[in-house]
Every structure is written in structure tokens, then in C-alpha cells.
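Worksheet: one structure, shown below.
There are 2 protein chains.
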Amino acid sequence: MNMKMYQGFNREQLEERMRMMENRFEQHKAQSLKLDMSRGKPSKEQLDLSDGLFKNITNFESEDGIDCRNYGVIDGLPEMKRIFAQMLEVDQDELIVGDSSSLNMMYDVIARAYNHGLMNAEPWSRLDKIKFLCPCPGYDRHFAICELFGIEMITIPMNEDGPDMDMVEALVAEDRSIKGIWCVPKYSNPTGIIYSDEVVKRLAHMRTKANDFRVFWDNAYCVHHLYEENSLLNILAECKKAGNADRVFMFASTAKISYAGAGVAAMAASRDNIRHTLGQIAIQTINPNKVNHLLHARFFKDLDGIKEHMKKHAAILRPKFETVTSILKKNLENLNIARWTTPRGGYFISLDVPEGCARKVVAKAREAGVTLTKAGATFPYGIEPEDKNIRLAPSFPTPAELASAIEIVCTCIELVALEKILLNEVNR
Amino acid sequence: MNMKMYQGFNREQLEERMRMMENRFEQHKAQSLKLDMSRGKPSKEQLDLSDGLFKNITNFESEDGIDCRNYGVIDGLPEMKRIFAQMLEVDQDELIVGDSSSLNMMYDVIARAYNHGLMNAEPWSRLDKIKFLCPCPGYDRHFAICELFGIEMITIPMNEDGPDMDMVEALVAEDRSIKGIWCVPKYSNPTGIIYSDEVVKRLAHMRTKANDFRVFWDNAYCVHHLYEENSLLNILAECKKAGNADRVFMFASTAKISYAGAGVAAMAASRDNIRHTLGQIAIQTINPNKVNHLLHARFFKDLDGIKEHMKKHAAILRPKFETVTSILKKNLENLNIARWTTPRGGYFISLDVPEGCARKVVAKAREAGVTLTKAGATFPYGIEPEDKNIRLAPSFPTPAELASAIEIVCTCIELVALEKILLNEVNR
């Protein structure tokens with residue numbers, strides 16, 4: 158937003174615009190809307206796409222004759238591993254398939270790193286300080302894990318092609334207490350960007366002071382295209398080339414492929430990392446829910462099955478994303494008071510409003526019945542110093558609800574921006 | 158075994174018996190049996206009892222209109238909580254329903270106690286030493302968790318009515334580093350005993366030096382009767398009466414009600430403990446698999462539904478337990494070389510052989526194709542100083558296989574006992 162806000166408006170026109178927006182806001186409020194677009198939840202229509210999971214179940218025997226109902230198979234059902242191996246471009250023995258939550262798998266990696274230590278490393282609980290790099294805006298649940306463990310978070314600016322790698326490289330080369338970086342490398346939450354090949358390579362090759370530094374590669378949206386298929390460089394392959402095979406833990410799940418709360422999650426890493434991890438998981442539990450693995454493997458069959466399925470999701474999601482961006486454009490274009498992303502996949506649109514306005518916009522929208530993600534949520538500790546980023550999650554509402562909600566958001570942005578301008582002018 | 162082994166046999170008769178057993182052992186070996194009775198796995202026939210879980214699924218909406226496929230509801234689906242509340246005799250807000258593994262829930266309680274601390278307590282990772290009391294023989298997977306965390310395990314003798322409470326009380330009153338005790342209070346693994354009311358009350362009332370001492374109440378077999386229904390005093394209620402409401406974490410699961418590897422697990426505790434735990438779990442994951450909760454709640458309906466269902470399990474298991482005990486009796490009665498339990502529920506028979514013989518018996522049985530639970534597994538670190546306890550798990554094999562296996566075990570016990578006697582006599 159280098160341009161001046163409301164360029165070409167004089168004070169009188171600004172005040173008139175303010176009155177117009179105040180009227181509009183009262184009209185919005187009169188609708189008594191109640192709409193939650195705070196989280197990236199799939200809609201009912203999307204969930205229905207996978208109800209075939211539970212159709213025509215005649216037996217629970219896997220391809221290899223495993224009775225999926227019984228105990229055993231700590232690393233997950235082979236046919237489900239095969240699908241994740243295709244999806245993440247790794248070998249089957251570089252994988253662990255778990256229960257439904259990839260977030261829980263990430264948490265567990267960190268919890269085990271604290272209690273027992275990563276491979277060939279001492280437990281983090283014995284060290285004075287642990288730090289993680291957090292490209293921002295990012296995913297609030299990653300940051301919440303760090304906060305719970307008392308991990309100091311260092312904000313890294315997020316560019317169009319991934320995190321600011323100059324800064325990342327400089328930090329990890331010097332500071333032994335930096336043990337990890339959070340990455341959502343494809344259709345990033347919330348900006349929607351995809352890490353460039355160069356960024357992936359630099360992450361794989363960079364020199365780190367900590368021997369047990371790990372890239373937490375949360376590939377939550379790897380097959381979640383809204384338009385064309387976009388690819389992402391395979392970071393495990395790059396790490397191997399760089400002689401840093403053990404540097405990365407990759408995560409994925411079918412949360413936004415099958416069921417958000419009842420899908421299948423997986424993690425991938427080098428064989429040594431997987432072997433070491435399984436040694437610990439084997440004490441933690443007996444097996445993941447293999448029946449759920451079996452139902453998923455039978456329903457999707459292979460990566461092609463998943464890709465076909467994702468086209469159905471895209472057909473539902475694409476118009477929602479386009480509703481949001483077209484309404485933002487219609488209302489706010491040329492006012493220079495907002496900037497938003499137009500992602501080619503994933504679940505979010507990242508919206509920037511003028512500095513110091515995000516919290517006010519979110520509060521104002523709530524007043525009119527629209528719950529947005531808490532302002533600041535995309536930054537460590539829930540605080541964005543510049544107070545300008547808002548995450549929009551268009552997936553859950555119906556298109557009509559969404560249109561109303563975004564109209565309201567636009568009005569709120571104008572109200573807050575106009576107030577800021579008019580006050581500043583008064584103060585001049 | 159106060160009586161003399163093979164009382165009334167002279168050396169010649171013993172040697173003749175030895176030859177007879179050696180012949181018998183060769184015959185066993187010639188059968189080339191391959192039978193694993195090392196773990197408490199339900200049989201296929203038992204698992205089939207619950208296949209109704211996956212029949213006629215027309216929707217995924219809970220009683221309260223929750224879409225179980227989507228995100229949310231961190232503490233578990235209300236209708237599944239209602240069933241566990243009945244089963245564990247607690248209120249619904251004293252419960253968290255999780256994924257499939259109660260072992261994982263226990264591990265997580267300990268992992269969180271280390272990393273973040275129990276309610277009003279500092280993280281265990283900051284303390285020099287943590288100790289747990291382990292009534293023995295007990296469950297190897299409990300002990301494995303302690304070993305992984307470096308928790309020092311103190312063996313407590315197990316009596317007919319529960320652990321030796323004089324010893325427990327004396328230890329916990331003096332040692333602040335003792336933070337927990339493992340209990341399988343009903344149809345205990347492996348002895349099958351049920352904790353008496355007095356033992357439960359003493360556990361609830363005893364004075365502990367550690368403020369964050371917890372009873373880990375693994376009620377894995379609470380409804381797993383083989384004959385009549387046996388009750389167990391409600392430890393949470395007793396703890397409340399004693400003013401120690403926060404002392405206990407109870408665990409249960411449907412692993413041996415529905416599917417061993419794909420059931421539903423739960424934990425119960427005081428409201429304050431549950432609130433504190435949920436605060437941490439909400440960072441760890443988004444929700445447990447509510448679809449699995451829904452299917453279970455619809456299939457079982459309530460505690461009565463579960464009780465009816467457990468009668469079908471008992472009808473399958475009872476003859477297996479009776480096969481084991483009758484063959485043991487037929488072969489070994491009056492020889493004074495073995496003693497075994499005749500449990501009224503649960504999954505195991507505990508078999509004691511002469512001191513120093515358990516490992517040899519297990520090895521010998523393996524030679525003839527029968528895999529038993531590793532000798533020593535029922536003690537901390539997998540080592541029983543007296544080397545006499547063997548855990549028999551009769552659930553998985555067919556009755557015919559089981560009969561062959563126990564015949565072999567009997568032969569092996571005689572071989573090892575006779576060798577011991579004959580060698581000792583030579584050495585005299």
C-alpha cells in the first residue's frame with residue numbers, strides 16, 4: 158500500500174463516504190447474520206463427497222491378509238502407506254501412517270524431542286532455550302505448540318516464494334538453540350504461496366549450528382489445487398542430495414480430502430528418522446486405527462483416485478474463493494486500503510488492511526455477526542506488531558452467506574480505514 | 158509351592174519321567190506347530206461380534222446435530238461420553254473420550270506431566286528423579302513407558318486383593334519423587350485378581366509426600382467378566398471422600414469390547430484434572446475421531462448394550478480359559494511344580510513355575526512352536542529376579558490350538574523342573 162489511501166478524495170468526500178459506510182453497517186447489522194468463517198473447515202457438501210468410505214464394507218482384511226480390526230502394525234496399513242508414499246513422493250519405509258490428526262503427529266515429534274531426544278541428540282528439556290523460526294503470516298496452531306512448550310518464536314517475513322531465506326540462513330548458522338522452522342510449503346496458510354525450488358534447495362542445503370535442526374514440512378495442501386496442478390520440489394530428496402537426509406519431517410493428511418475430523422494423517426522422513434521415531438512410538442501406542450486406513454485405501458485406491466476426488470472439492474471451493482476476491486475487488490479496488498491474495502489452492506485468503514486496523518476490522522465484523530479468525534492469529538503469540546493481517550477462510554459458508562459476509566468485511570475495512578484517515582487529518 | 162516337587166518320586170522314577178517327557182517333547186516338535194499366544198489379542202470370532210458397527214450407516218450427525226466428519230469437539234462425542242460415564246461411574250464432565258488407544262492416553266498423561274506439569278505442579282523434566290510403584294506381576298507396556306522416560310520402577314508384591322498396601326503407604330509417605338502407581342484393578346493383568354474395597358480405600362486415603370502423586374487406574378477389563386459380574390469400588394468417588402479428588406486418572410477402552418486396534422478409549426478424572434488436561438490437549442490436536450465415537454455409540458447404545466455384548470465375548474472366551482486350566486490341572490496337579498490363577502474375567506492366566514525356570518520353559522515352548530509372553534515381561538525392565546512367572550494369553554488361538562499349546566507348555570514345565578531336580582540331586 159504505497160499509494161495514498163482514498164487517493165483523490167477530499168475531506169468532505171471522505172466524510173460523506175464515512176456516513177455512507179455507517180449507514181451500510183447499520184443495514185448489515187439489521188440482517189442479524191451469524192456466520193463463522195474463522196477456521197478452514199470443509200463444508201457439508203465437501204464432506205459428503207467421501208461418504209463412499211463407509212459403503213459396502215464386507216470385510217476388514219487388508220491386501221496382505223492383516224485383520225485391520227485387531228492389534229498390530231505400528232507404522233500403518235501397507236495400502237495406505239502406498240498412497241501417502243505417492244502423495245509425498247517418498248518410499249513406503251520413509252513413512253508412518255497415524256490416526257486422524259497430522260497436528261498431533263507434529264506435536265508428538267516435538268514432545269518426544271523434549272522428553273527423549275531426536276535421533277543422536279539430547280532431549281530438548283535439558284537445554285536452557287529452544288527457538289523455532291516462524292515464517293509469518295503462518296498457521297496459529299503451529300505457534301500454539303511452540304508457546305505451550307515455551308519455545309521462543311522468531312518471526313521470519315514471508316515472501317512470494319517462501320520465507321526470507323537470507324534471514325533464515327543467517328540465523329540457523331549462528332544459533333545452536335534454533336531447532337526448527339515451521340513451513341506450509343504449498344498453498345501456504347494463509348497467504349497461499351508455494352515455496353520456490355530455490356527456497357526448498359536453500360532449506361535443504363543451509364548450514365545449521367544445531368545438529369538436530371528440523372524442517373517441519375506441513376504439506377497440508379499438497380493436492381489441494383483450485384485450478385491447475387502446481388508442483389513443489391521434494392524437500393526430502395533435496396536434503397538427501399545435500400547430505401542432510403535427516404533434516405526434514407514431512408506431514409500430510411486426508412483431513413481436507415476425506416473427513417476433516419476423521420481422516421488419516423501421515424509423516425515422512427529419512428529411513429533413519431522413521432526407524433528412530435518408530436522405536437519411540439512403539440512404546441506410546443500399539444497401532445493407529447487401521448480400519449480407517451483400510452476404508453480410505455479402498456475408497457481412494459491410489460494417488461490418481463485422490464486427484465480425481467480433489468477436482469470435486471475444487472469445483473465446490475473455487476466459486477467460493479472467487480466470490481471473496483471478486484467482492485473485495487468490486488468494493489475496495491483503487492481505494493488503496495486493502496490487499497489480498499488470490500491463491501491457486503489451499504484453504505485461505507490472506508487480507509492485509511492498513512497498519513493498526515486488523516483488530517478493529519475483526520471486532521467490527523463480529524459486531525455485524527461475522528466471526529473472522531482473530532487478528533494476530535497468524536503471528537507468534539497471537540500478536541502482529543503491525544496489526545494488519547486478517548485470514549479469510551471461505552470454505553465452510555454457503556456462497557450466499559459468504560457474499561454477505563465479505564460485503565460486511567468490506568464495509569468494516571472502509572469504516573476503520575476512514576476513521577484512521579479522518580482522525581489523523583484532525584490531528585494534523 | 159511349599160510342598161516338595163514330585164513328592165514321593167525316587168530318583169529312578171524321576172529319570173523315567175524325564176525320558177517320558179523327552180519323548181513327548183519330540184512328538185510335540187514333530188507336529189511343527191506355530192502358535193503365538195504372547196499377547197492378549199481377541200480372536201477373529203470375537204471381532205466379528207462388532208461388525209454391526211459398520212452396517213447401515215446413513216448419516217454422520219450426532220444426537221445434538223454435530224457433523225462428526227468435521228473438525229471440533231475436543232473432549233469427545235456426547236453420546237460416547239455418556240456410555241463411558243456409565244461404564245466408569247463418573248459424570249460426563251469428568252471424562253475425555255479419545256482415539257483408539259488407552260495406552261496412548263496414559264503415555265500422553267505422563268509425557269505432558271514431564272513437559273508441562275500436572276495441575277499445580279512443576280514439569281517432571283525439571284526434577285532429578287521420578288519413581289513409580291509397579292505392583293507385580295503387572296502389564297509390560299506400563300513398565301515400558303516408565304523405562305522410556307527413565308522413571309525408576311519400584312516393584313510392589315501383588316496379593317490376592319491388590320498390591321501390598323503396607324509397603325505402598327510406607328513408600329509414598331516418605332518419598333516425594335514417587336509420582337505414581339500403575340494399577341489394573343479388575344481382572345488384573347496377568348493375575349486376574351480384583352482390588353478389594355479396602356485396597357481401593359487405602360489408595361484413595363493414603364498420605365503422599367508428592368502433591369502431584371497419581372494413581373494410574375487402567376480399568377482395561379471393567380466389563381470383561383467370564384462368569385458372574387464382579388464389581389469394583391469407584392476410586393474417584395473414594396478419592397473425593399478422602400479429599401484427594403485429583404489423585405486418580407482412570408482409563409478404559411472398547412479395545413476388547415469392539416475392535417482391539419480400532420475401538421474407542423477414554424480417561425476419567427476430577428473436573429479440575431479434566432479441565433487442566435483439556436487445556437493441554439487442545440494444543441495437541443483438534444479432535445478425536447468422532448465418526449468412530451458415533452458408530453460405537455449407535456451400535457452399543459448404552460452400558461446395558463455393552464453388558465449384553467460382553468456376554469457374547471464371555472461365551473467365546475470362557476471355554477478357552479477352562480481348556481487352559483483343565484489341561485494344566487490334568488497334567489500338573491499334585492506334582493507341586495506349577496501354580497496358576499483361575500480368573501473370573503480379563504484376558505490372562507498367570508502361571509508360576511519353580512524359581513529360575515520361567516525363561517527356560519518359555520524357550521523350550523518356543524522350540525516346539527509355541528510363543529509365550531517373554532519371561533520377565535510382567536516385571537519392571539523385563540527382569541523377574543525369581544524367574545518364575547509366565548503370562549498365558551488364551552484368547553487368540555482356537556480351542557484346539559490352545560489345547561495343543563498348553564499340552565506342550567505342561568511338557569516343557571516338567572522337563573525344566575525335572576532337570577532342575579535331577580541336577581540339584583547330582584550336585585548334592
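One line per chain: the protein sequences are U and Z, in this order.
Positions in the first sequence are counted from 1; adding 157 to them yields our numbering.
Positions in the second sequence are counted from 1; adding 157 to them yields our numbering.
Quick reminder that beta carbons are idealized off the backbone N, C-alpha and C, glycines included.
So with CB distances below 7 Å, who are the chain U contacts of Lys198/Z? Counting only Cβ-Cβ distances below 7 Å, Lys198/Z has contacts in chain U at Asn227 and Tyr228, in chain order.
May I have the straight-line CA-CA distance separating Leu508/Z from Val481/Z, to the nearest angstrom? Their backbone Cα atoms lie some 11 Å apart in a straight line.
Would you mind sorting Thr215/U into buried or exposed? The rule is 16 or more other CB atoms within 10 Å of its CB. Burial call: exposed.
Specify the secondary structure class of Phe289/U as computed by DSSP and reduced to three states. Strand at Phe289/U.
Taking 8 Å as the CB-CB cut-off, is Ile99/Z touching chain U? There is no way to answer for residue 99/Z, as the model of chain Z reaches only from 158 to 585.
Report the neighbours of Leu260/U on chain Z: residues whose CB is nearer than 8 Å to its CB, in chain order. Chain-order list of chain Z residues neighbouring Leu260/U: Gln441, Thr442 and Ile443, by C-beta distance under 8 Å.
Does any CB atom of chain Z fall closer than 8 Å to the CB of Leu275/U? Not one chain Z Cβ lies under 8 Å of Leu275/U.
Which one of Ile414/U, Cys514/U, Ala550/U and Asp461/U has the shortest CA to CA distance from Glu479/U? Checked all of Ile414/U, Cys514/U, Ala550/U and Asp461/U; the closest Cα to Glu479/U is Ala550/U.
Chain U contacts from the region 275 to 304 of chain Z (Cβ-Cβ distance under 9 Å): Only those residues of the region 275 to 304 of chain Z whose C-beta falls short of 9 Å from the nearest C-beta of chain U are listed: Pro280, Ser282, Arg283, Arg298, Ala301, Ile302 and Glu304.
Classification of Glu218/Z by the beta-carbon crowding that lies within 10 angstroms, buried from 16 upward: When all chains shown are included, Glu218/Z counts as exposed.
Just checking my contact of Arg226/U with Gly418/Z at CB under 8 Å: how many whole Å lie between their CB atoms? That pair is a contact at about 6 Å.
Grouping DSSP H, G and I as helix and E and B as strand, with all else coil, what is Glu218/Z? Residue state, collapsed to three classes: strand.
List the residues that DSSP assigns as beta-bridge partners of Met407/U. Bridge partners of Met407/U: Trp374/U and Ala425/U.
Quick check: the region 438 to 447 of chain Z against the region 381 to 401 of chain Z, are there 3 or more CB pairs under 8 Å? Fewer than three beta-carbon pairs drawn from the region 438 to 447 of chain Z and the region 381 to 401 of chain Z are found closer than 8 Å, and the two stretches are therefore not classed as touching.
Which residues share a DSSP beta bridge with Cys340/Z? Partner residues in the beta bridge of Cys340/Z, as assigned by DSSP, are Trp374/Z.
Inter-residue Cα distance where the pair is Ser552/Z and Lys161/Z: Ser552/Z and Lys161/Z: Cα-Cα distance of roughly 33 Å.
Looking at the unbroken beta strand (DSSP E) that takes in Asp509/Z, where does it start and where does it end? Segment Ile506 to Asp509, the beta strand (DSSP E) holding Asp509/Z.
For Arg548/Z, the first and last residue of its enclosing alpha helix (DSSP H): Taken as a continuous stretch (DSSP letters only), Arg548/Z belongs to no alpha helix (DSSP H), being part of the beta strand (DSSP E) at Asn546 to Leu549.
Could you tell me which chain Z residues have their CB closer than 9 Å to the CB of Leu204/U, listed as they occur along the chain? Residues of chain Z with a Cβ closer than 9 Å to the Cβ of Leu204/U are, in chain order, Phe217, Asp224, Arg226 and Asn227.
Leaving out the 5 sequence neighbours to the left and right, which residues in its chain are closer than 6 Å to Met322/Z when beta-carbon positions are compared? The answer, listed in chain order, is Val356 and Arg359.
Beta strand (DSSP E) runs wholly inside the region 482 to 532 of chain Z, at least 3 long, in chain order: Positions of the beta strand (DSSP E) runs, each at least 3 residues long and wholly inside the region 482 to 532 of chain Z, are given as 506 to 509 and 527 to 529 in order along the chain.
Starting from Val448/U, find everything on chain Z with Cβ-Cβ shorter than 7 Å and list it in chain order. Using a Cβ-Cβ cut-off of 7 Å, Val448/U is close to Tyr416 and Ala419 of chain Z, given in chain order.
Buried versus exposed call for Tyr538/U [16 or more other C-beta atoms within 10 Å across all chains shown]: Flag for Tyr538/U reads exposed.
Which residues mark the beginning and the end of the beta strand (DSSP E) in which Asn316/Z is found? In the DSSP assignment, Asn316/Z falls within the beta strand (DSSP E) that extends over Glu309 to Asn316.
Spell out a yes or no on whether the region 461 to 473 of chain Z and the region 530 to 546 of chain Z are touching, meaning 3 or more CB-CB pairs, one atom from each, closer than 8 Å. When Cβ pairs closer than 8 Å are counted between the two stretches, the region 461 to 473 of chain Z is seen not to touch the region 530 to 546 of chain Z, the count staying below three.
Apart from the five residues on each side of it in sequence, which residues of its chain come closer than 6 Å, Cβ to Cβ, to Glu541/U? Closer than 6 Å at the Cβ level, and outside the excluded window around Glu541/U, lie Gly533.
Distance CB(Thr528/U)-CB(Phe182/U) smaller than 8 Å: Contact flag unset, no.
To the nearest whole angstrom, what separates the beta carbons of Phe457/Z and Ile240/Z, a pair I think is in contact under 8 Å? That pair is a contact at about 6 Å.
Interface flag, Asn346/U vs chain Z, CB-CB below 8 Å: When Cβ-Cβ separations below 8 Å define contact, Asn346/U makes no contact with chain Z.
Tell me which residues share the same chain as Thr312/U and place their Cβ nearer than 7 Å to its Cβ, disregarding the 5 neighbours each side in the sequence. So the qualifying residues of the chain are Cys291, Cys293, Phe536 and Pro537.
Between the beta-carbon of Tyr504/U and the beta-carbon of Ser207/U, is there less than 8 Å? The answer is no: Cβ separation not under 8 Å.
Run through DSSP, which three-state label would Pro542/Z get? Look at Pro542/Z here: in three-state DSSP terms it is coil, with no helix or strand label.
Bridge partners of Val254/Z, per DSSP? In DSSP, Val254/Z forms a bridge with Ala423/Z.
Please confirm whether Ile231/U and Ile438/U have their CB atoms less than 8 Å apart. Going by C-beta atoms, Ile231/U is nearer than 8 Å to Ile438/U.
Is the CB of Phe306/U under 8 Å away from at least one CB in chain Z? For Phe306/U, the answer is yes, since a Cβ of chain Z falls inside 8 Å of its Cβ.
Cβ neighbours of Arg585/Z in the same chain (closer than 8 Å, five flanking residues each side left out): With a pLDDT of only 41 at Arg585/Z, under the threshold of 50, the placement of this residue in the model should not be trusted; the figure read from the coordinates follows. Contacts found: none.
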